[in-house]
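K.L.:
Position 321, counted from 1, in the sequence shown is what full-length UniProt numbering calls 321; the numbers after and before it change by one each time, with no gaps. Here it is: the structure, laid out below.
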Amino acid sequence: MRRVNIFRVSPLSERDELILYEVLDASAALWNELTYHRRQHFFNNRDVWNVDADEYRVKYKGVLGSATAQQLIRKSDEAWRSFFALMEDGENPSPPGYWKDEDSGERTLQTLIRNDQYTLKWGERSRLEIPVGHDLKEKYGLGYHERLRLEARGNPRWEGSQGRLELVYDKDAEAFRARQPVSEATPRRDEPLAAAAGDDGVVAALDIGANNLVAVTTTTGYQRLYHARPQFHRFRRTTNQIAALQERLEYGTWSSRHIRQMYRRRTEHVRHLQDALVRDLAEWLAEHGVGEVIAGDLSDVLQEHWSARVNEKTHQFWSHGRFRRRLQEVLEGEYSIRVREVSEVGSSSTCPDCGSENIHREGDLLTCYDCGFEGHSDLAASENLLIVNDGSMARPAVSRENTTERAHRSVARLEWNDHRWRRRDHSTKAEPENQSTHGDAGKFASGGAGIA
């Protein structure tokens with residue numbers, strides 16, 4: 001079984017904070033430079049594996065240490081192998097991209113630490129120790145055999161064989177976060193038994209759509225909703241711009257460099273959103289001890305209720321087939337969470353409280369005329385998927401203080417701000433604006449030379 005521990009880390013001094021910033025910044029610079037040269041080889045029909053990756057290990061080992069630099073190169077190799085595998089399967093993926101904030105143009109600060117290169121200890125003074133390069137040690141006065149020590153903050157649920165550690169600077173929260181995969185995972189001895197719920201049959205159901213990409217309900221009563229109307233509107237604007245450019249092409253010409261660039265950017269935006277959703281969802285499911293996921297399959301629904309707009313949302317914008325594959329790859333391959341697909345037909349046709357079919361749907365609102373329940377239609381559909389497909393499930397799926405639309409108000413609604421999925425606290429009835437982050441919130445280390 002594979003699980004993930006997610007926690008925060010904090011430098012113990014201003015000096016340690018500067019060292020950590022430099023490590024993350026140099027890691028992003030290495031990734032971006034190597035990615036740039038491999039992309040150039042790819043676009044010029046040259047072999048990306050002919051790029052001398054070891055050149056970057058040598059260049060950055062003074063700051064990162066040789067093992068960390070090599071780990072970043074291996075991660076790049078994995079990304080490119082996955083890219084070529086998708087192409088062989090007939091997909092049209094985008095090449096691996098940069099670690100870069102598209103609004104500010106700054107590098108996103110993150111790194112990878114090999115599983116045998118860090119030490120994580122939990123207790124009264126929890127700590128994480130990571131290696132740094134000799135040049136950085138000399139610059140900041142660390143001993144030859146000394147490592148950077150950081151305070152670890154959190155409540156890890158799993159212990160076992162530690163995997164490759166990911167460290168990221170969260171600009172919005174101005175905090176450093178760590179993600180530690182654990183294989184052969186067992187609940188920590190000091191963790192409540194509920195943490196092992198995945199072994200005891202906790203199941204989650206996903207209602208997959210287009211306006212609200214995913215609505216999820218677990219058998220333990222937790223719910224979550226991913227909302228993406230603003231992103232679909234932007235997708236359509238880009239599509240209309242592409243159509244306008246195509247109309248101005250000379251007779252017999254079907255495309256141009258500008259049009260291909262717009263197609264590529266549109267695809268990259270959607271896939272970045274999609275991959276980040278799968279990751280965010282996987283971590284949330286793992287935190288709640290889910291061992292099995294029931295995922296709604298839209299195939300029968302699309303055949304029954306096909307329309308051009310629904311087709312555009314589910315196939316072109318949301319790429320439903322690719323999402324299902326990514327969901328299975330990440331949940332089953334990395335988190336050992338079983339994925340079982342079921343038809344979504346009828347999941348929005350009954351009341352999740354009383355089971356009545358005497359309901360009315362208008363937009364995102366589902367109303368039951370028998371018991372008076374009013375709630376979010378996609379969340380209700382995920383509850384119904386769980387009730388129908390999990391034998392241990394009994395109504396009601398979640399506890400509610402009342403039977404109005406506010407019954408779902410406490411559910412986390414997440415929106416994409418072009419960088420991450422973030423919770424919004426107001427009603428789902430209001431259409432949100434694109435809340436892309438701007439400005440230079442937080443402190444960034446001055447980076448070394450690098451692309452982007």
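For glycine and all other residues, C-beta sits at the position ideal for the given N, C-alpha and C.
What residues in its chain sit with their C-beta under 6 Å from that of A380, if we drop five residues either side in the sequence?
P.N.:
Here residue 380 is taken as the residue at index 380 of the sequence shown, counted from 1. Here the set comprises P352, L366.
K.L.:
Starting from G321, trace the alpha helix (DSSP H) both ways and give me its first and last residue.
P.N.:
Within the sequence shown, numbered from 1, the residue matching residue 321 stands at position 321. Residues 320-335.
K.L.:
Mark Q180 as exposed unless 16 or more other C-beta atoms lie within 10 angstroms of its C-beta, in which case mark it buried.
P.N.:
For the purposes of this step, residue 180 is identified with residue 180 of the sequence shown, where counting begins at 1. By the neighbour-count criterion, in which 16 or more other beta carbons inside 10 Å mark a residue as buried, Q180 falls on the buried side.
K.L.:
Going by beta-carbon coordinates alone, are L20 and F232 separated by less than 8 Å?
P.N.:
One-based indexing of the sequence shown puts residue 20 at position 20. One-based indexing of the sequence shown puts residue 232 at position 232. Cβ atoms of L20 and F232: not closer than 8 Å.
K.L.:
Looking at the structure shown, is H288 part of a helix, part of a strand, or coil, going by DSSP?
P.N.:
Here the question's residue 288 lines up with position 288 in the sequence shown. It is coil, neither helix nor strand.
K.L.:
Leaving out five residues on either side along the sequence, give the residues of the same chain with a beta carbon under 8 Å from the beta carbon of A53.
P.N.:
Within the sequence shown, residue 53 is the residue found at index 53, counting from 1. Cβ within range, chain order: L34, I73, S76, D77.
K.L.:
Are the CB atoms of Q241 and M262 within a distance shorter than 8 Å?
P.N.:
Counted from its first residue, the sequence shown places residue 262 at position 262. Counted from its first residue, the sequence shown places residue 241 at position 241. A contact, by the Cβ cut-off of 8 Å.
K.L.:
Alpha carbon to alpha carbon, how far is W99 from H419? Give it in angstroms, no decimals.
P.N.:
Position 419 of the sequence shown, counting from 1, holds the residue named residue 419. Position 99 of the sequence shown, counting from 1, holds the residue named residue 99. One C-alpha to the other measures close to 11 Å.
K.L.:
Can you tell me whether DSSP reads R236 as helix, strand or coil?
P.N.:
Locating residue 236 in the sequence shown gives position 236, counting from the first residue. Helix at R236.
K.L.:
Whole-angstrom Cβ separation of A295 and L206, contact assumed at under 8 Å?
P.N.:
Within the sequence shown, numbered from 1, the residue matching residue 295 stands at position 295. Within the sequence shown, numbered from 1, the residue matching residue 206 stands at position 206. With 8 Å as the limit, A295 and L206 qualify as a contact, their Cβ atoms being about 5 Å apart.
K.L.:
Give me the Cβ distance between L386 and T217, rounded to the nearest whole Å; I'm assuming they're in contact under 8 Å.
P.N.:
The sequence position of residue 386 within the sequence shown is 386, counting from 1. The sequence position of residue 217 within the sequence shown is 217, counting from 1. So it is a contact: roughly 5 Å between Cβ atoms.
K.L.:
Suppose the cutoff is 7 Å on Cβ atoms and the five residues either side in sequence are ignored; what does the same chain contact list for A28 look like?
P.N.:
Stepping through the sequence shown from its first residue, residue 28 is reached at position 28. W99, R107, T108, L109, Q110.
K.L.:
Apply the 10 Å Cβ neighbour rule to W49 and answer buried if 16 or more other Cβ atoms are within range, or exposed otherwise.
P.N.:
Here residue 49 corresponds to residue number 49 of the sequence shown, with the count starting at 1. So W49 counts as exposed.
K.L.:
Any idea what DSSP makes of S377, helix, strand or coil?
P.N.:
Within the sequence shown, residue 377 is the residue found at index 377, counting from 1. DSSP places S377 in helix when its eight states are reduced to three.
K.L.:
On the DSSP bridge assignment, give the partners of Q231 in chain order.
P.N.:
On the sequence shown, position 231 is the one that residue 231 refers to. None, per the DSSP bridge assignment.
K.L.:
Which two residues bound the contiguous beta strand (DSSP E) that contains A205?
P.N.:
Here the question's residue 205 lines up with position 205 in the sequence shown. Element bounds for A205: 203-208.
K.L.:
How is R3 classed by DSSP in three states: helix, strand or coil?
P.N.:
The residue labelled residue 3 in the question sits at position 3 within the sequence shown. Here R3 sits in strand by DSSP.
K.L.:
Does the contact criterion of 3 or more C-beta pairs under 8 Å hold for the segment 84-97 versus the segment 155-162?
P.N.:
no
K.L.:
With distances taken from CA atoms, which of L24, R340, R3, M87 is nearest T68?
P.N.:
Counting from one through the sequence shown, the residue named residue 68 turns up at place 68. It is L24.
K.L.:
When you compare only the Cα positions, how much space is there between L18 and S256?
P.N.:
Locating residue 18 in the sequence shown gives position 18, where the first residue counts as 1. Locating residue 256 in the sequence shown gives position 256, where the first residue counts as 1. In a straight line, the C-alpha of L18 is about 46 Å away from that of S256.
K.L.:
Return yes when the Cβ of E129 is within less than 8 Å of the Cβ of R147, no when it is not.
P.N.:
By one-based count along the sequence shown, residue 147 stands at place 147. By one-based count along the sequence shown, residue 129 stands at place 129. Result yes, Cβ atoms of R147 and E129 sit closer than 8 Å.
K.L.:
Only counting the same chain, and skipping five residues up and downstream in sequence, which positions put a Cβ closer than 7 Å to that of A284?
P.N.:
As a working mapping, residue 284 is identified with position 284 in the sequence shown. Note that residue 284 is Trp in the sequence shown, not Ala. So the list reads R224, once near-sequence residues are dropped.
K.L.:
Of the choices Y118, Y335, G252, whose alpha-carbon is the least far from that of L281?
P.N.:
Residue numbering aside, residue 281 sits at position 281 when the sequence shown is read from its first letter. Nearest of Y118, Y335, G252 to L281, Cα basis: Y335.
K.L.:
With 16 as the cutoff for other CB atoms within 10 Å, does V4 come out buried or exposed?
P.N.:
Here residue 4 refers to the residue found at position 4 of the sequence shown. Answer is buried; the Cβ neighbour count reaches 16.
K.L.:
Name the DSSP bridge partner or partners of L368?
P.N.:
The residue given as residue 368 occupies position 368 in the sequence shown. Correcting the residue type first, residue 368 is Cys in the shown sequence and not Leu. In the DSSP output, where bridge partners are listed per residue, C368 has I359.
K.L.:
Give the secondary structure of E344 by DSSP, where H, G and I count as helix, E and B as strand, and everything else as coil.
P.N.:
For the purposes of this step, residue 344 is taken as residue 344 along the sequence shown, with counting starting at 1. Coil, per DSSP.
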